[in-house]
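Undergrad: Mind having a look at this structure? Questions to follow.
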Amino acid sequence: MSALAARRRHPLATVVLVVIGLFATGLAYAAVIPTAASAAQPSADDIAAGRKLFLANCATCHGFNAEGRDEAPSLIGVGAAAVDFQVGTGRMPMTTTGPQAPKAPEVDFTDEEIKQMAAYVASLAPGPPIPDADQVDPAKGDPSRGAMIFRTNCAMCHNFAGKGGALTRGKYAAGLAGVTPTHAYEAMVSGPQSMPVFNDATMDPQSKRDIIAYLDAVSSAPSPGGLNLGSIGPVSEGMVAWIFGIIVLIGCAVWLGSKAA
Amino acid sequence: MNDGTAGGMSADEHTHGGDGELAVREPAGLPERFENPGLPEHRHRMADVDPKAAKRAERQVATLFGLSALGTILVLVFYFAVPLKPDGGFVESLSRLQASNLLLGLALFVALFGIGAGAIHWAKTLMPDDERVEYRHPQRSSGAERAEAAQILAQGGAESGLGRRPLIRNSLIGAMALVPLPMVVFLRDLGPLPGDDLSTTMWKAGTRLILDPEGRPIKAADMAIGSIAHVLPEGIEKVPDLLEEKAKSAAIVLRLEPGLLDAAASAGAYQGIVSYSKICTHMGCPVALFEQQTHNLLCPCHQSTFHVPANCKVIFGPAKRPLPQLPITVDSEGYLVARSGFTEPVGPSFWERG
Numbered sequence: 548m549s550a551l552a553a554r555r556r557h558p559l560a561t562v563v564l565v566v567i568g569l570f571a572t573g574l575a576y577a578a579v580i581p582t583a584a585s586a587a588q589p590s591a592d593d594i595a596a597g598r599k600l601f602l603a604n605c606a607t608c609h610g611f612n613a614e615g616r617d618e619a620p621s622l623i624g625v626g627a628a629a630v631d632f633q634v635g636t637g638r639m640p641m642t643t644t645g646p647q648a649p650k651a652p653e654v655d656f657t658d659e660e661i662k663q664m665a666a667y668v669a670s671l672a673p674g675p676p677i678p679d680a681d682q683v684d685p686a687k688g689d690p691s692r693g694a695m696i697f698r699t700n701c702a703m704c705h706n707f708a709g710k711g712g713a714l715t716r717g718k719y720a721a722g723l724a725g726v727t728p729t730h731a732y733e734a735m736v737s738g739p740q741s742m743p744v745f746n747d748a749t750m751d752p753q754s755k756r757d758i759i760a761y762l763d764a765v766s767s768a769p770s771p772g773g774l775n776l777g778s779i780g781p782v783s784e785g786m787v788a789w790i791f792g793i794i795v796l797i798g799c800a801v802w803l804g805s806k807a808a
Numbered sequence: 024m025n026d027g028t029a030g031g032m033s034a035d036e037h038t039h040g041g042d043g044e045l046a047v048r049e050p051a052g053l054p055e056r057f058e059n060p061g062l063p064e065h066r067h068r069m070a071d072v073d074p075k076a077a078k079r080a081e082r083q084v085a086t087l088f089g090l091s092a093l094g095t096i097l098v099l100v101f102y103f104a105v106p107l108k109p110d111g112g113f114v115e116s117l118s119r120l121q122a123s124n125l126l127l128g129l130a131l132f133v134a135l136f137g138i139g140a141g142a143i144h145w146a147k148t149l150m151p152d153d154e155r156v157e158y159r160h161p162q163r164s165s166g167a168e169r170a171e172a173a174q175i176l177a178q179g180g181a182e183s184g185l186g187r188r189p190l191i192r193n194s195l196i197g198a199m200a201l202v203p204l205p206m207v208v209f210l211r212d213l214g215p216l217p218g219d220d221l222s223t224t225m226w227k228a229g230t231r232l233i234l235d236p237e238g239r240p241i242k243a244a245d246m247a248i249g250s251i252a253h254v255l256p257e258g259i260e261k262v263p264d265l266l267e268e269k270a271k272s273a274a275i276v277l278r279l280e281p282g283l284l285d286a287a288a289s290a291g292a293y294q295g296i297v298s299y300s301k302i303c304t305h306m307g308c309p310v311a312l313f314e315q316q317t318h319n320l321l322c323p324c325h326q327s328t329f330h331v332p333a334n335c336k337v338i339f340g341p342a343k344r345p346l347p348q349l350p351i352t353v354d355s356e357g358y359l360v361a362r363s364g365f366t367e368p369v370g371p372s373f374w375e376r377g
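Residue numbers (the working numbering), protein chains in the order written: chain C, 548 to 808; chain S, 24 to 377.
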């Protein structure tokens, strides 16, 4: 220690200190920032297999190097999250042209194949990775805070209970019931189709996990009234009130006015 | 036959029953005036003739009242049995609230409806139902009474001397005209005039954009292309009229692909990041449905559509004005800040808006 103290006025001491400081900062930054390193690193084989799958299934529209065409956007920089979302929910490959690629009941690819395609697209340019299980664990989110963030950022399109809603010219915001937490997270970071991007800087990962916890809570919440009427708010509730309420009121009025005998 | 009366003549002939079919037949056997048929025969109810039925009706009414009492007790039981627990976790709080609403509502329905239904059943089965006739009488007073009343009024007018003493008459009119004046002046106390509150918000040069609801400032570098964030002015949580201020100041900030913005939109942009009022210029709903691919903002209430690259020009719907822009830049630390307030008053039109 005394040897170190004796050299503290050495002409090179400042330089050494700066180098140490920079190194430490870099290490801390690498440790703190969420990167693709948190997921399992794809191997070169995965990327090669993914490229094959890409050429066979996606390149017709997205171009041989994923550079995009008139009818399909470039996939350079969209990241693994976008591929896992679009292919994993069956939206891609698109079966027909239309205002919007719908969620398909059946997915054409195995998880393995989707991961390979995702690895290939991610290898083109850095983009949001597929989140790990911890990032999307509803048990670790706060549904109450998630509800608040959901109402400000999501509810205007997806409805307060995540039932979805209409946009313009045949486009729509999809219903969120049954969407896996991973796909929900990927949609937020990648902004598929009409949806804007909610990157980790404007909506931090904890907020995303809170939203996932809220969606989980809403979909599992019991309906003590027996009917939630689609959770679409005043339209269905008003209709029930009008139809059944008015029938009851008319029945009472007829009873009141009828002659007793 | 070729003059104007020809048609009239033939029509006249028709009504007089010249050709049979169209003729109006003479009403056969109808009296000049209908007889008053009188009241229908009174039919007795079961409860009037059968004491057992009366007893039964009595029991039914009492049962309905009893049901009401039971409902009231149930309201209290449910109130205490299903307490609201705001801290019981999100799902549990919500389902407790719903269960409590349902049970209280059902019990209260039984409590109120039981009284009403019992009262009606009572009146219909047990209270007297024999018909009674009350004749209407003319309400007009006799000619003598009317003349007398008119004479009293005229005499009073003459005796008061209003016509003879114009000084009294005029001063009375003046006093009566002035009396309501204080009431009009008191209207001031209904509240302060809005002043320029409708035209201004708390955004001013250098106010940071903070995320709603997290309350965290955002940096320009945080905004990815195609991303949207909902923002409020920094320090809004400290203003006394938070909700009013929030209703005016709420804004959205978005980043579009470079080169999309037109000249007007670029004027308030920072590196492709633009901020606009979130309050629709039609009825004040929050305009926040952003279609990333078409770059349109939609209002959920009446489908007004604003095209962001054209400075939020209205391209569809009932809104008449574009969304006011919030010109933005960054401060020395890289955080997004307002360059000034909104370029125009936010929200729907109002009288003094100009």
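Built from N, CA and C at the ideal position, the CB exists for glycine as well.
Which residues bound the beta strand (DSSP E) around His253 (chain S)?
TA: Per DSSP, His253 (chain S) belongs to the beta strand (DSSP E) from Ile251 to Pro256.
Undergrad: Between Ile233 (chain S) and the rest of its own chain, which residues show a CB-CB distance below 7 Å, the 5 nearest in sequence each way excluded?
TA: Closer than 7 Å at Cβ, skipping near neighbours: Arg239, Pro240, Val254, Leu255 and Glu257.
Undergrad: Tell me which residues share the same chain as Ala552 (chain C) and place their Cβ nearer than 8 Å to its Cβ, disregarding the 5 neighbours each side in the sequence.
TA: Taken in chain order, the list of residues that qualify is empty.
Undergrad: Tell me which residues share the same chain as Pro558 (chain C) and place their Cβ nearer than 6 Å to its Cβ, disregarding the 5 neighbours each side in the sequence.
TA: Within the same chain, Pro558 (chain C) has no close Cβ partners at all.
Undergrad: Can the beta-carbon of Pro690 (chain C) be found closer than 8 Å to that of Asp751 (chain C)?
TA: The answer is no: Cβ separation not under 8 Å.
Undergrad: Taking only beta-carbon positions, decide if Pro161 (chain S) is within less than 8 Å of chain C.
TA: Taking Cβ atoms only, chain C never reaches closer than 8 Å to Pro161 (chain S), which makes this a no.
Undergrad: Excluding sequence positions up to five away, which residues of its chain have a Cβ less than 6 Å from the Cβ of Ser766 (chain C)?
TA: For Ser766 (chain C), where only same-chain residues beyond five positions count, the Cβ hits under 6 Å are Ala724.
Undergrad: Give the residues from the stretch 206-236 of chain S that approach chain C closer than 9 Å (Cβ to any Cβ), ordered along the chain.
TA: Within the stretch 206-236 of chain S, the qualifying residues are Leu234, Asp235 and Pro236.
Undergrad: Going by the beta-carbon positions, is the gap between Val360 (chain S) and Leu277 (chain S) smaller than 8 Å?
TA: Against a cut-off of 8 Å, the Cβ pair of Leu277 (chain S) and Val360 (chain S) comes out as no contact.
Undergrad: May I have a chain-ordered list of the beta strand (DSSP E) segments no shorter than 3 residues that lie completely inside the stretch 271-318 of chain S?
TA: List check, beta strand (DSSP E) in window: 274-278, 296-300 and 312-314.
Undergrad: Decide yes or no for the touch test of the stretch 117-133 of chain S against the stretch 165-174 of chain S: beta carbon pairs closer than 8 Å, at least 3 of them.
TA: Contact fails: fewer than three Cβ-Cβ distances are below 8 Å.
Undergrad: For the stretch 306-317 of chain S, enumerate the residues whose C-beta is nearer than 8 Å to any C-beta of chain C, in chain order.
TA: Within the stretch 306-317 of chain S, the residues whose Cβ lies closer than 8 Å to some Cβ of chain C are Pro309, Ala311, Leu312, Phe313, Glu314, Gln315, Gln316 and Thr317, listed in chain order.
Undergrad: Where does Ser585 (chain C) fall in DSSP's three states?
TA: Confidence in Ser585 (chain C) is poor, its pLDDT being 43 and thus under 50, which makes the residue's placement unreliable; the coordinate value appears in the next sentence. The answer is helix: DSSP assigns Ser585 (chain C) an H, G or I state.
Undergrad: At a cut of 8 Å, does the stretch 629-637 of chain C reach the stretch 653-661 of chain C through at least three beta carbon pairs?
TA: Yes, they touch.
Undergrad: Using a Cβ-Cβ cut-off of 7 Å (strictly less than) and excluding sequence neighbours within five positions of Thr352 (chain S), which residues of its own chain qualify?
TA: Taken in chain order, the residues that qualify are Tyr293, Val360 and Arg362.
Undergrad: Report the residue from S:Gly340, S:Pro205 and S:Lys301 whose alpha carbon sits nearest the alpha carbon of Lys271 (chain S).
TA: Of the candidates S:Gly340, S:Pro205 and S:Lys301, the one whose C-alpha sits nearest the C-alpha of Lys271 (chain S) is S:Lys301.
Undergrad: Skipping 5 residues on each side, what residues in its chain have a beta carbon closer than 6 Å to that of Lys242 (chain S)?
TA: Gly357 and Tyr358, listed in sequence order.
Undergrad: Would you call the stretch 87-97 of chain S and the stretch 130-137 of chain S in contact, with 3 or more CB pairs under 8 Å?
TA: Judged by Cβ distances under 8 Å, the stretch 87-97 of chain S makes contact with the stretch 130-137 of chain S, as three or more pairs qualify.
Undergrad: Tell me whether Leu14 (chain S) sits in a helix, a strand or coil according to DSSP, three-state version.
TA: Summary: the structure shown does not reach residue 14 (chain S), with chain S confined to residues 24 through 377, and so no result is reported for it.
Undergrad: Could you work out which residues of chain S lie near Val744 (chain C), taking near to mean beta carbons separated by less than 8 Å?
TA: Within 8 Å Cβ-Cβ: Ala247, Ile248, Gly249, Ser250, Ile251 and Gln315.
Undergrad: Going straight from the alpha carbon of Met664 (chain C) to that of Leu265 (chain S), what length do you get?
TA: Going by the C-alpha atoms only, they are around 49 Å apart.
Undergrad: Determine the chain C residues that contact Val369 (chain S) at a beta-carbon separation under 7 Å, and present them in chain order.
TA: Correct list: empty, because the minimum Cβ distance to chain C is about 18 Å.
Undergrad: Cβ of Pro106 (chain S) within 7 Å of any heavy atom in the ligand NAP?
TA: This structure does not include the ligand NAP; it has no bound ligands of any sort.
Undergrad: Looking at chain S, is there any beta carbon in it that lies within less than 8 Å of the beta carbon of Thr582 (chain C)?
TA: Note that Thr582 (chain C) scores 48 on pLDDT, short of 50, meaning its location in the model is unreliable and no value can be drawn from it.
Undergrad: Since Ala311 (chain S) and Ser327 (chain S) are thought to touch, with beta carbons under 8 Å apart, how far apart are those beta carbons, to the nearest angstrom?
TA: Contact doesn't hold; Cβ gap of about 12 Å is too wide.
Undergrad: Indicate the three-state DSSP secondary structure (helix, strand or coil) for Leu185 (chain S) in the structure shown.
TA: Here Leu185 (chain S) sits in coil by DSSP.
Undergrad: Sort out for me which residues DSSP pairs Gly624 (chain C) with in a bridge.
TA: DSSP lists no partner for Gly624 (chain C).
Undergrad: Would you tell me roughly how many angstroms separate the C-alpha atoms of Arg598 (chain C) and Asn706 (chain C), rounded to the nearest one?
TA: Each residue's Cα considered, the two are about 38 Å apart.
Undergrad: Whole angstroms are fine: how far does the CA of Lys147 (chain S) sit from the CA of Tyr158 (chain S)?
TA: Spanning the two alpha carbons is a distance of roughly 24 Å.
Undergrad: Mind listing the chain C neighbours of Asn319 (chain S)? Cutoff is C-beta to C-beta under 8 Å, in chain order.
TA: Simply Thr715.
Undergrad: At the 8 Å Cβ level, is Ser91 (chain S) part of the contact set with chain C, yes or no?
TA: Not one chain C Cβ lies under 8 Å of Ser91 (chain S).
Undergrad: Any C-beta of chain C within less than 7 Å: which residues of the stretch 104-129 of chain S qualify?
TA: Residues Phe113, Val114, Leu117, Ser118, Gln121, Ala122 and Leu125.
Undergrad: Name the DSSP beta bridge partners of Thr328 (chain S), please?
TA: For Thr328 (chain S), which the question treats as bridged, DSSP gives the partners S:Leu321 and S:Phe339.
Undergrad: Between S:Thr304, S:Gln315, S:Glu314 and S:Leu321, which lies nearest to Glu367 (chain S) when the distance is taken from Cα to Cα?
TA: Comparing Cα positions, the closest option is S:Thr304.
Undergrad: Pull up the CB-CB distance for Leu107 (chain S) and Arg119 (chain S), whole angstroms please, since I reckon it's below 8 Å.
TA: Right, their Cβ atoms sit about 6 Å apart.
Undergrad: What does Trp802 (chain C) touch in chain S if you count any residue whose Cβ is under 8 Å from its own?
TA: In chain order: Ile143.
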